[in-house]
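Trainee: My questions will all concern the structure given below.
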Amino acid sequence: MKPGEKMVSAEIFSTDEGKRFELFPDTPRYIAAGDCLPMFSTAFRAGEKYAYYWNVVPVKGDAYLITAQFTLSTDSAEHLSVSDTSIR
641 MKPGEKMVSA EIFSTDEGKR FELFPDTPRY IAAGDCLPMF STAFRAGEKY AYYWNVVPVK
701 GDAYLITAQF TLSTDSAEHL SVSDTSIR
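With the numbering used here, letter number 1 in the sequence shown gets 641, and the count goes up by one each step, no holes.
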(Lines of atoms letter the chains of each structure in order from A and count residues from 1; the text may use other names and numbers.)
(Lines give C-alpha, C1' and ligand atoms only; values in the text may rest on other atoms or scores of the structure.)
Protein backbone atom coordinates (compact mmCIF):
# COMPACT_ATOMS: atom_id res chain seq x y z
CA MET A 1 0.00 0.00 0.00
CA LYS A 2 1.08 3.58 -0.59
CA PRO A 3 1.58 6.17 2.18
CA GLY A 4 -1.75 7.58 3.40
CA GLU A 5 -3.83 4.70 2.05
CA LYS A 6 -6.04 2.89 4.53
CA MET A 7 -7.55 -0.57 4.61
CA VAL A 8 -11.19 -0.50 5.72
CA SER A 9 -12.31 -4.10 5.25
CA ALA A 10 -11.37 -7.55 4.04
CA GLU A 11 -13.26 -10.54 2.68
CA ILE A 12 -11.79 -13.97 3.29
CA PHE A 13 -13.01 -17.11 1.54
CA SER A 14 -11.94 -20.69 2.14
CA THR A 15 -13.36 -23.97 0.90
CA ASP A 16 -13.46 -25.20 4.50
CA GLU A 17 -14.89 -22.20 6.37
CA GLY A 18 -16.77 -20.31 3.66
CA LYS A 19 -16.95 -16.51 3.62
CA ARG A 20 -15.88 -14.20 6.43
CA PHE A 21 -15.84 -10.41 6.60
CA GLU A 22 -13.51 -8.22 8.63
CA LEU A 23 -14.88 -4.67 8.82
CA PHE A 24 -13.14 -1.74 10.50
CA PRO A 25 -14.34 1.50 8.83
CA ASP A 26 -13.99 3.53 12.06
CA THR A 27 -10.48 2.21 12.81
CA PRO A 28 -8.81 1.64 9.43
CA ARG A 29 -5.53 -0.22 9.15
CA TYR A 30 -2.48 1.52 7.78
CA ILE A 31 0.00 -0.93 6.24
CA ALA A 32 3.50 0.38 5.53
CA ALA A 33 5.00 -0.29 2.10
CA GLY A 34 6.77 -3.64 2.17
CA ASP A 35 4.85 -4.94 5.21
CA CYS A 36 2.63 -8.02 5.00
CA LEU A 37 -1.12 -7.66 4.68
CA PRO A 38 -3.11 -9.05 7.62
CA MET A 39 -4.43 -12.62 7.48
CA PHE A 40 -6.84 -12.14 10.41
CA SER A 41 -5.88 -15.30 12.30
CA THR A 42 -6.94 -17.62 9.49
CA ALA A 43 -6.12 -21.24 10.32
CA PHE A 44 -4.61 -22.43 7.04
CA ARG A 45 -4.97 -26.12 6.09
CA ALA A 46 -3.42 -28.14 3.30
CA GLY A 47 -5.88 -29.06 0.56
CA GLU A 48 -7.92 -25.89 0.99
CA LYS A 49 -8.42 -23.02 -1.45
CA TYR A 50 -8.31 -19.45 -0.19
CA ALA A 51 -9.15 -16.00 -1.54
CA TYR A 52 -8.46 -12.67 0.13
CA TYR A 53 -9.84 -9.29 -0.89
CA TRP A 54 -8.51 -6.28 1.01
CA ASN A 55 -10.50 -3.05 0.44
CA VAL A 56 -8.18 -0.03 0.28
CA VAL A 57 -9.10 3.67 0.24
CA PRO A 58 -6.42 5.89 -1.33
CA VAL A 59 -5.71 9.50 -0.41
CA LYS A 60 -7.26 10.56 -3.74
CA GLY A 61 -9.44 8.62 -6.16
CA ASP A 62 -11.61 5.54 -5.90
CA ALA A 63 -11.24 2.63 -3.51
CA TYR A 64 -9.61 -0.50 -4.91
CA LEU A 65 -9.06 -4.15 -3.99
CA ILE A 66 -5.83 -6.01 -3.37
CA THR A 67 -6.51 -9.68 -4.12
CA ALA A 68 -4.83 -13.02 -3.57
CA GLN A 69 -6.11 -16.49 -4.46
CA PHE A 70 -4.14 -19.60 -3.62
CA THR A 71 -4.27 -23.29 -2.74
CA LEU A 72 -2.19 -25.03 -0.08
CA SER A 73 -0.98 -28.59 -0.60
CA THR A 74 1.53 -31.05 0.81
CA ASP A 75 3.68 -33.64 -0.91
CA SER A 76 4.42 -37.19 0.29
CA ALA A 77 7.09 -35.82 2.67
CA GLU A 78 4.54 -33.38 4.14
CA HIS A 79 6.29 -30.33 2.66
CA LEU A 80 3.81 -27.48 2.33
CA SER A 81 3.50 -25.62 -0.96
CA VAL A 82 1.41 -22.70 -2.17
CA SER A 83 -0.09 -22.53 -5.67
CA ASP A 84 -1.12 -19.09 -6.90
CA THR A 85 -4.59 -19.44 -8.44
CA SER A 86 -5.18 -15.72 -9.04
CA ILE A 87 -6.66 -14.69 -12.36
CA ARG A 88 -4.40 -12.24 -14.16
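Ideal placement from N, C-alpha and C gives every residue a C-beta, glycine not left out.
Can you look up V718 in the DSSP assignment and give me helix, strand or coil?
Mentor: Note on identity: in this sequence residue 718 is Glu, with Val being the wrong assignment. DSSP places E718 in coil when its eight states are reduced to three.
Trainee: Please identify the residue among S654, A703, A717 whose C-alpha is closest to the C-alpha of G644.
Mentor: Looking at the Cα atoms, A703 is the closest of the given residues.
Trainee: Take E657 as the anchor and find which of G687, V697, C676 has the nearest alpha-carbon.
Mentor: Nearest C-alpha to E657: G687.
Trainee: Determine, using beta carbons only, whether M647 and V699 come nearer to each other than 8 Å.
Mentor: Contact flag unset, no.
Trainee: If contacts are defined as beta-carbon pairs under 8 Å, then Y693 and L705 qualify, I think. What distance do you get, rounded to the angstrom?
Mentor: 5 Å between Cβ atoms; contact.
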